[in-house]
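For my numbering, add 203 to where a residue sits in the sequence shown, where the first one is 1.
The beta-carbon is built from N, C-alpha and C at its ideal position, and this holds for glycine as well.
The structure presented is a predicted model; accordingly, all values stated were derived computationally and were not measured.
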Amino acid sequence: MSSNPSTVRIGIIGVGNCARALLEGISYYTVHPEDTTGLCHPAIGAYGPADVVPVAAWDVDAEKVGRPLWDARAAGQNLDVGIPQDALKPIADGVTVSRAPALDGAGRKYRERITVAQPLGNWTPQEEAARIRAEVRDAGVQVLVNYLPVGSQEATEWWAQVALDTGCAFVNNIPVFIARNPEWRERFREAGLPLIGDDIKSQLGATYVHRVLARAFSDRGITLTRTYQLNVGGNMDFYNMLEADRLATKRESKSGAVTDAYAGHLDPGNVHIGPSDYVAFLGDTKKAFIRCEGRGFAGAPIEMELQLTVPDSPNSAGIVIDAVRIAKTALDREEPDVDAWASAWLFKAPPRPVAQESDMQARRNIDAWLDEV
């Protein structure tokens with residue numbers, strides 16, 4: 204894939220609420236280039252947020268397939284994500300949402316709410332894969348961004364293969380282990396392509412805050428004995444996660460992100476972390492309830508409770524906007540190995556060799572790389 208030095212050309216896999224927040228964020232910073240509110244990095248390499256250009260998108264929802272991407276962002280079960288609409292202008296002109304293969308991407312709960320678009324024809328799996336690869340190439344996609352629903356193991360692996368076949372970087376925002384999987388990492392290494400993931404760590408979300416608390420316990424000599432993190436929300440992500448058999452990797456990712464941040468031993472039986480319930484009236488608002496119990500000086504008990512309320516999808520987009528720009532900069536420099544540090548900083552389940560690094564150390568390494576000429 205040839206690299207256009209002026210833009211970051213992304214293809215979006217799954218046009219849900221998180222994709223909506225990313226699109227609206229790109230629009231916001233295009234209209235307001237002087238405003239750096241909410242950005243970890245106003246510039247990454249040569250790219251500001253307005254230089255991220257959506258050039259292709261795929262979904263399975265019949266209410267989105269065939270529609271202009273800007274219109275599809277607000278179609279179907281997508282919710283208002285809290286970004287003021289009067290501050291935006293349409294972007295992604297000429298981009299139409301194409302039909303993706305369903306595979307395991309639309310689970311039982313999802314199908315209660317959406318109608319899966321009919322196949323375009325009597326395609327064989329090989330023909331459909333060839334069609335998607337052609338769409339990626341024709342659009343000039345440089346970074347594929349995976350926003351499939353939690354539990355989409357087969358579909359995520361399918362799209363990771365598309366990235367390899369078409370010479371694209373792959374940003375995996377969901378808890379399917381691709382960047383953490385040594386076999387997938389080696390395949391992307393051999394291709395010279397960045398692989399960043401897995402499972403996005405929101406800008407100021409429950410996982411990040413919980414990690415800070417866990418590390419504070421160990422840094423200050425406090426033994427963390429028990430902890431939980433309960434999360435509720437009202438968007439399709441939470442509705443999909445009512446299907447319990449899609450949650451194994453989600454629980455592993457969230458729990459591991461917290462226990463990796465704690466320097467001591469924490470009995471797995473004393474850790475409970477994960478999505479808890481769907482509360483429709485919350486919409487795209489997520490509420491997290493975090494509790495930490497420990498023992499301090501001479502065994503004195505310490506308890507801490509925290510409630511966090513955040514807009515779920517923009518909280519994700521604030522990190523994805525950095526991930527895609529790092530991926531493109533790594534392509535430009537032909538330095539894909541930086542993806543491990545990017546994953547450690549931005550994602551819950553990065554490759555094992557960097558999983559226990561602190562968020563700040565990972566960021567320092569990324570910033571040092573960005574400062575290189």
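Per-residue burial, residue i [other beta carbons within 10 Å of its own, 16 or more giving buried]
i	result
residue 314	exposed
residue 321	exposed
residue 209	exposed
residue 427	buried
residue 237	exposed
residue 226	buried
residue 311	exposed
residue 503	exposed
residue 323	exposed
residue 329	exposed
residue 325	exposed
residue 205	Because residue 205 sits at a pLDDT of 42, beneath the cut-off of 50, its placement in the model cannot be relied upon, and the point is left open.
residue 521	buried
residue 423	exposed
residue 380	buried
residue 472	exposed
residue 563	exposed
residue 287	exposed
residue 308	buried
Between the CA atoms of residue j and residue i - distance to the nearest angstrom
i	j	result
residue 463	residue 404	14 Å
residue 358	residue 560	30 Å
residue 257	residue 432	34 Å
residue 391	residue 410	27 Å
residue 296	residue 413	40 Å
residue 319	residue 262	9 Å
residue 507	residue 245	34 Å
residue 229	residue 389	32 Å
residue 353	residue 443	7 Å
residue 398	residue 265	30 Å
residue 417	residue 519	21 Å
residue 303	residue 335	8 Å
residue 211	residue 400	18 Å
residue 574	residue 240	22 Å
residue 267	residue 317	10 Å
residue 284	residue 440	13 Å
residue 481	residue 448	16 Å
residue 523	residue 348	9 Å
residue 281	residue 327	31 Å
residue 548	residue 469	22 Å
residue 415	residue 408	11 Å
residue 293	residue 255	14 Å
residue 249	residue 528	9 Å
residue 551	residue 565	12 Å
residue 394	residue 366	10 Å
residue 483	residue 438	7 Å
residue 360	residue 425	41 Å
Cβ neighbours of residue i in the same chain (closer than 8 Å, five flanking residues each side left out)
i	result
residue 556	543
residue 270	278, 299, 300
residue 474	429, 430, 431, 458, 461, 462
residue 276	218, 222, 223, 226, 227
residue 251	232, 236, 245
residue 272	215, 218, 226, 257, 260, 295, 298, 299, 300
residue 253	229, 232, 233, 236
Limits of the alpha helix (DSSP H) - the one that residue i falls within
i	result
residue 220	220 to 234
residue 507	From DSSP, residue 507 is part of no alpha helix (DSSP H) but of the beta strand (DSSP E) over 504 to 514.
residue 569	562 to 574
residue 452	451 to 464
residue 549	542 to 549
residue 335	328 to 342
residue 478	Where residue 478 is concerned, there is no enclosing alpha helix (DSSP H), although the beta strand (DSSP E) it sits in stretches over 474 to 481.
Residues near residue i by beta carbon distance below 6 Å, same chain, minus five either side
i	result
residue 243	525
residue 492	433, 510
residue 420	427, 497
residue 436	485, 489, 515
residue 465	417, 421, 427
residue 570	none
residue 445	312, 481
residue 513	489
Contacts around residue i, its chain only, beta-carbon distance under 7 Å, and the 5 residues preceding and following it disregarded
i	result
residue 340	369
residue 545	399, 526, 529, 569
First and last residue of the uninterrupted beta strand (DSSP E) at residue i
i	result
residue 375	372 to 375
residue 261	255 to 262
residue 318	Note, residue 318: premise wrong, no beta strand (DSSP E); not H, not E.
residue 441	Careful: residue 441 lies outside any beta strand (DSSP E), inside the alpha helix (DSSP H) at 439 to 443.
residue 496	488 to 498
residue 300	300 to 302
residue 429	426 to 436
residue 392	Premise fails: residue 392 lies in the alpha helix (DSSP H), 385 to 394, not in any beta strand (DSSP E).
Chain D within 8 Å of residue i, Cβ atoms only
i	result
residue 270	Going by chain labels, chain D is absent from the structure shown, which holds only one protein chain.
Okay, do the stretch 366 to 385 and the stretch 528 to 548 touch, 3+ Cβ pairs below 8 Å being the bar? yes
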